[in-house]
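When the sequence shown is numbered by this note's numbering, its final residue is 492 and no position is left out of the sequence of numbers.
We put the beta carbon where it would ideally sit given N, CA and C, even for glycine.
Presented below is the structure to which this report refers.
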Amino acid sequence: RGQSEYRRFSIRGKDGQGAVDDLSALYETLTRRFKHGNIAGDSGESIDAEQRAAKAEQQQEQSVSDANGTSSTTPAAITDASSFADSSEVVQQNTNRHHFAYKPNLVVVDGGKPQVMAAAKALKDCGVDDVAVCGLAKRLEEVWVPDDDYPIILKRQSEGMYLLQRVRDESHRFAITYHRQQRRKGALRSALNEIPGIGESYQKRLLNHFGSVKAMRMASVEDFEQVKGVGHAKAEALYAALHDE
Numbered sequence: 248r249g250q251s252e253y254r255r256f257s258i259r260g261k262d263g264q265g266a267v268d269d270l271s272a273l274y275e276t277l278t279r280r281f282k283h284g285n286i287a288g289d290s291g292e293s294i295d296a297e298q299r300a301a302k303a304e305q306q307q308e309q310s311v312s313d314a315n316g317t318s319s320t321t322p323a324a325i326t327d328a329s330s331f332a333d334s335s336e337v338v339q340q341n342t343n344r345h346h347f348a349y350k351p352n353l354v355v356v357d358g359g360k361p362q363v364m365a366a367a368k369a370l371k372d373c374g375v376d377d378v379a380v381c382g383l384a385k386r387l388e389e390v391w392v393p394d395d396d397y398p399i400i401l402k403r404q405s406e407g408m409y410l411l412q413r414v415r416d417e418s419h420r421f422a423i424t425y426h427r428q429q430r431r432k433g434a435l436r437s438a439l440n441e442i443p444g445i446g447e448s449y450q451k452r453l454l455n456h457f458g459s460v461k462a463m464r465m466a467s468v469e470d471f472e473q474v475k476g477v478g479h480a481k482a483e484a485l486y487a488a489l490h491d492e
């Protein structure tokens with residue numbers, strides 16, 4: 248069940264352009280998570296939802312292609328940003344609801360006192376007073392809780408420390424993997440946007456087939472023709488655009 252309960256939140260910021268610092272991003276994410284009395288809130292982007300959307304998109308494209316006498320495939324859609332995974336019994340409860348219908352027992356944030364206080368303020372502003380908050384600071388692996396001037400020091404080999412480290416490291420892995428995918432996707436689309444006839448659908452196929460702009464720059468015309476729906480003329484246009492430097 249694990250990753251089906253992960254969520255990504257696209258950070259909007261006050262001007263809609265994203266937050267300018269991690270405290271603002273943290274506050275926004277938790278506020279959206281716990282808003283409306285913490286009954287539903289903002290459910291974020293789930294991997295299950297992504298997979299369902301991608302499947303629906305692929306089926307729709309397949310239907311259009313079949314009508315034209317061709318076939319095509321579409322890679323899974325990618326969505327946005329920060330992630331939270333509820334734990335213990337709460338995860339079990341949420342599994343069949345596909346949104347945050349229940350409160351977690353604990354919110355763990357990555358950072359020290361400033362991050363913990365931002366998280367605590369977000370929960371307070373949402374009227375949530377029965378969810379514990381703590382933060383794990385990287386440098387000395389200190390555990391911080393709201394309103395305490397000094398951190399809690401857990402034994403390095405303790406089960407509690409191991410659990411907090413695993414939560415933090417998995418969150419990092421999940422977020423970093425996503426951001427790398429987004430950068431790769433953005434770089435590819437930037438290189439392809441000016442090529443006539445290469446729209447979003449073709450860009451998705453190319454990204455799925457080659458994986459990166461670097462791989463595409465090394466591809467031949469014949470390689471491009473291996474992508475479904477890319478004929479000789481489009482393959483030549485792609486090759487010319489990616490080698491016009």
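- With the rule of 3 Cβ pairs closer than 8 Å, the region 383–390 counts as touching the region 398–408.
- Taking C-beta atoms under 8 Å as the contact rule, Gly382 and Gly358 qualify, at a distance of about 5 Å.
- Boundaries of the beta strand (DSSP E) harbouring Leu353: 353–357, taken from the DSSP string.
- For Val390, the pairing in a beta bridge is given by DSSP as Leu383, Ile399.
- Here Val363 is not near Val378, since their CB atoms are 8 Å or more apart.
- Arg259: not part of any alpha helix (DSSP H); DSSP gives it neither H nor E.
- Contact annotation, Val356 with Leu270: C-beta distance approximately 10 Å; criterion of less than 8 Å not satisfied.
- Setting aside the 5 residues that flank it on each side, Tyr486 is surrounded in the same chain by Val468, each with a C-beta closer than 6 Å to its C-beta; the list follows chain order.
- For Pro443, there is no enclosing alpha helix (DSSP H), since its DSSP letter is neither H nor E.
- Under the three-state reduction of DSSP output, Met465 falls in the coil class, being neither helix nor strand.
- With fewer than 16 other Cβ atoms from the protein chains shown falling within 10 Å of its own Cβ, Ala480 counts as exposed.
- In this model, Val474 and Met465 are separated by some 15 Å (Cα to Cα).
- DSSP places Gly478 in the coil class of the three-state scheme, outside both helix and strand.
- Assigned with DSSP and collapsed to three states, Gly407 falls in helix.
- Here Gly478 has no same chain residue with a Cβ atom under 6 Å from its own Cβ, once five neighbours each way along the sequence are excluded.
- Assignment of Ser418 by DSSP, reduced to helix, strand and coil, places it in the helix class.
- In this structure Ala369 touches Thr278 by the C-beta definition: roughly 5 Å separates them, less than 8 Å.
- Spanning the alpha carbons of Gly458 and Asp394 requires a straight line of approximately 47 Å.
- Within the model, the alpha-carbon separation for Asp396 versus Ala384 is close to 14 Å.
- Contact check for Val375 against Phe256 fails: the beta carbons are separated by 8 Å or more.
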